[in-house]
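Residues 1443 to 1772 in the working numbering are what the sequence shown lists, from first letter to last. Note that the Cβ used here is the ideal one computed from N, Cα and C, for glycine as well.
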Amino acid sequence: MNEYDFIAIGDITTDAFIRLKDAEVHCVLDHENCTLCMRFGDKIPYEFVEVVRAVGNSPNASVTATRLGLSSALVSNIGKDQNGAECIEELKKNNINTDFVSTHDGKNTNYHYVLWYTDDRTILIKHEIFDYSLPNIGKPKWVYLSSLGEASLPFHQTLATYLAENPEVQLAFQPGTFQIKFGKDALKDIYARTNVFFCNKEEAERILEKENSEISDLLLGIQALGPKMVVISDGPKGSYMLNNGVIWHMPMYPDPKPTYDRTGAGDAFSSTFISALILGKTPEEALRWGPVNSMSVVQQIGAQKGLLSREKLEEYLAQAPADYTPKRLN
């Protein structure tokens, strides 16, 4: 069996991007709790639709790894349908091994609708209920765990057992919607075994059941659950890393032009960070790599078109402003 550099575990889907033009966004005074508004009971014109196959947090991460020169595979589930077959074809085009993708008779492959307005999106999701199982993945350097469906809770214990039996395998955890809903206690064995944990500020507050918290408190709170290293992003404010008791701040990489589509920016950051570690970079260097791919991804439709080769990413790093560097905060 090949011993992969990077094996991602998580759901796969197709995203149909519907570019809206006749809509409005209404927000409360703090610019949060926004709603996308369209006329009810009417025919709403749209600009175009673009269908993007084989996406999702973990498939996106797998593509990042292969673009950066690593060997990568995906553990996921599809239905025995045309959509699933096209997802497999797309994975293979991206040099991702599909041996661990299970096909289920009588099931539909996940299909999501992305309502895309201005530079942001609202995603209509529907996760098929799969019987999750862990294939024989050998001993990869890193396992990257992200979004799984609402029926996946028992699978997490199976994965925790595998990780306990294979302590040399490193774990990156970027929780998805249902993994956050399960709660930190239900996934305590996963948190305790995590080498690098990723989320954004709002997700950290939900996980810790805290509101209006300082980033330093969130970093320490997540680390108290077990992860050795914690990275939290905070939108335009950049990202923060807690490692060996030291908190670092990393600004965003400057955008060459206005953002086109924000889908996949977080996946690009976290999977690039892990790929950099696999390639022998320090955590501080990995913190510089991540925002470059995020910057590139938001210039394209979907989460994968803008993912960079190592050569191109290092070219951007060479051109970075002098202040594009991690800053120690404590």
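Should residue i be flagged as near chain B, meaning a C-beta pair shorter than 8 angstroms?
i     : result
I1743 : No chain B appears in this structure, which consists of one protein chain only.
Going by beta-carbon coordinates alone, are residue i and residue j separated by less than 8 angstroms?
i     : j     : result
E1651 : L1660 : no
N1685 : A1710 : no
S1717 : F1448 : yes
S1589 : T1619 : yes
D1561 : Y1702 : yes
R1461 : W1584 : no
G1663 : G1706 : no
T1714 : T1506 : yes
G1452 : N1499 : yes
E1726 : W1690 : yes
N1642 : G1687 : no
N1444 : S1513 : yes
P1733 : M1683 : no
Looking at the structure shown, is residue i part of a helix, part of a strand, or coil, going by DSSP?
i     : result
S1675 : strand
L1721 : coil
N1502 : helix
A1450 : strand
Y1633 : helix
L1512 : coil
L1576 : coil
V1491 : strand
C1641 : strand
T1603 : helix
R1461 : strand
V1734 : helix
Y1555 : strand
S1751 : coil
A1728 : helix
A1614 : strand
G1521 : strand
K1769 : strand
Y1586 : strand
T1714 : helix
E1466 : strand
S1594 : coil
D1541 : coil
I1565 : strand
T1560 : coil
If residue i and residue j are in contact, beta carbons under 8 angstroms, what's the gap, nearest whole angstrom?
i     : j     : result
P1768 : P1696 : Not quite, the Cβ-Cβ distance comes to about 16 angstroms (not below 8 angstroms), so this is no contact.
H1546 : G1521 : 6 angstroms
R1704 : V1740 : 5 angstroms
A1458 : L1478 : About 16 angstroms separates the two Cβ atoms, so there is no contact after all.
V1517 : P1609 : Contact doesn't hold; Cβ gap of about 19 angstroms is too wide.
L1729 : S1681 : 7 angstroms
T1508 : N1552 : No, T1508 and N1552 are not in contact; Cβ-Cβ is about 21 angstroms, not under 8 angstroms.
G1548 : H1569 : Contact doesn't hold; Cβ gap of about 16 angstroms is too wide.
S1738 : L1749 : 7 angstroms
How should residue i be labelled, buried or exposed, when 16 other C-beta atoms within 10 angstroms of its C-beta is the threshold for buried?
i     : result
K1581 : exposed
P1596 : exposed
Q1746 : buried
Q1761 : exposed
M1480 : exposed
K1534 : exposed
L1566 : exposed
I1454 : buried
P1678 : exposed
N1502 : buried
T1456 : buried
A1515 : buried
N1475 : exposed
A1450 : buried
E1645 : buried
I1486 : exposed
Q: Could you tell me whether the region 1560–1577 touches the region 1487–1499, where touching means 3 or more Cβ pairs closer than 8 angstroms?
A: no
Q: Could you say if the region 1638–1647 and the region 1667–1686 meet the contact criterion of at least three C-beta pairs nearer than 8 angstroms?
A: yes
Q: Kindly confirm or deny that the region 1598–1607 and the region 1616–1632 touch, where touching means at least three C-beta pairs closer than 8 angstroms.
A: yes
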